[in-house]
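Residue numbering for the sequence shown follows my numbering, beginning at 7 and increasing consecutively. Heads up, the beta-carbon is just placed ideally off N, CA and C, and yes, glycines get one too.
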Amino acid sequence: MSPSRMFKAYPTEGGIRAPLLVKVAGRPADPGAMNDSFVHVRDIMPTLLDVAGVTAPEAIDGRKVLPMQGRSVLDFFAGKSKTAYAGASRVGYELFSFKAFIDGSWKIVRMPKPLGTGDWELFDLSTDPAELRDLSAEQPEKLEEMVALWNQYKENNGVLDIVPEVAK
């Protein structure tokens, strides 16, 4: 059983947190070393392009390519930086009408009933990594701030609010 809430396909930590193993050529192995820095799957391609010393194409076969949202974390993997992201990590998730947004240690999650409450839930991952204590009632200003960030993410990425029949 996972120490995190839920499992794959859910926007909870049990669904999105996964180990990443990396061995950088020319850097000595550090057996058993662990780092809990945030890295997102969208960072893999920018990192590989950085390793190759090339930039992302603007078009492929005459078709425009959308810019990548991730960033290279090569300096982190190469041991030149203690964390993958210098600033706060902000990332949104949406899948099967499940939604989440993370800003640093703060996270909001919204899952339709019966799998969730149907409302936004607020968690501080620095004190509650298992997402057991919803802080939305205690910190309504923080919830409002996070929902505004989600809405900005939704607008920037063309996310459609589709609610399945099970959630109605």
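Straight-line gap, residue i to residue j (C-alpha atoms, nearest Å)
| i | j | result |
| --- | --- | --- |
| residue 116 | residue 138 | 14 Å |
| residue 44 | residue 107 | 14 Å |
| residue 129 | residue 68 | 44 Å |
| residue 168 | residue 124 | 13 Å |
| residue 4 | residue 70 | Residue 4 cannot be examined here, being either before or after the span of the chain that is shown, 7 to 174. |
| residue 34 | residue 84 | 10 Å |
| residue 72 | residue 64 | 8 Å |
| residue 173 | residue 102 | Residue placement at residue 173 is flagged as unreliable, the pLDDT there being 47, under the threshold of 50; the coordinate-derived value follows with that caveat. The alpha-carbon atoms of residue 173 and residue 102 are separated by roughly 11 Å. |
| residue 74 | residue 157 | 20 Å |
| residue 88 | residue 81 | 9 Å |
| residue 37 | residue 143 | 44 Å |
| residue 109 | residue 163 | 17 Å |
| residue 40 | residue 99 | 25 Å |
| residue 146 | residue 58 | 46 Å |
| residue 187 | residue 26 | Because the chain in this structure spans residues 7 to 174, residue 187 falls outside the shown range and cannot be described. |
| residue 127 | residue 150 | 11 Å |
| residue 153 | residue 120 | 21 Å |
| residue 131 | residue 42 | 12 Å |
| residue 86 | residue 122 | 41 Å |
| residue 141 | residue 66 | 46 Å |
| residue 51 | residue 61 | 10 Å |
| residue 7 | residue 136 | With a pLDDT of 46 at residue 7, under the threshold of 50, the modelled position of that residue is not reliable, and the figure given next carries that caveat. Those two C-alpha atoms are separated by around 12 Å. |
| residue 55 | residue 32 | 18 Å |
| residue 48 | residue 28 | 16 Å |
| residue 118 | residue 104 | 7 Å |
Residues that residue i bridges to, as DSSP identifies them
| i | result |
| --- | --- |
| residue 126 | 116 |
| residue 109 | 96 and 112 |
Supposed contact pair residue j and residue i - C-beta distance, whole angstroms, cut 8 Å
| i | j | result |
| --- | --- | --- |
| residue 112 | residue 160 | The pair is not a contact, with the Cβ atoms about 17 Å apart (cut-off 8 Å). |
| residue 77 | residue 155 | Actually they are not in contact, since the Cβ atoms of residue 77 and residue 155 sit about 18 Å apart, beyond 8 Å. |
| residue 53 | residue 79 | 5 Å |
Any chain D beta carbon closer than 8 Å to residue i
| i | result |
| --- | --- |
| residue 106 | The structure shown contains no chain D, having only a single protein chain. |
What are the uninterrupted segments assigned as beta strand (DSSP E) that are 3 or more residues long and contained completely in the segment 44-107, given in chain order?
Taking only runs of at least 3 residues, the beta strand (DSSP E) segments lying wholly in the segment 44-107 are 96-101.
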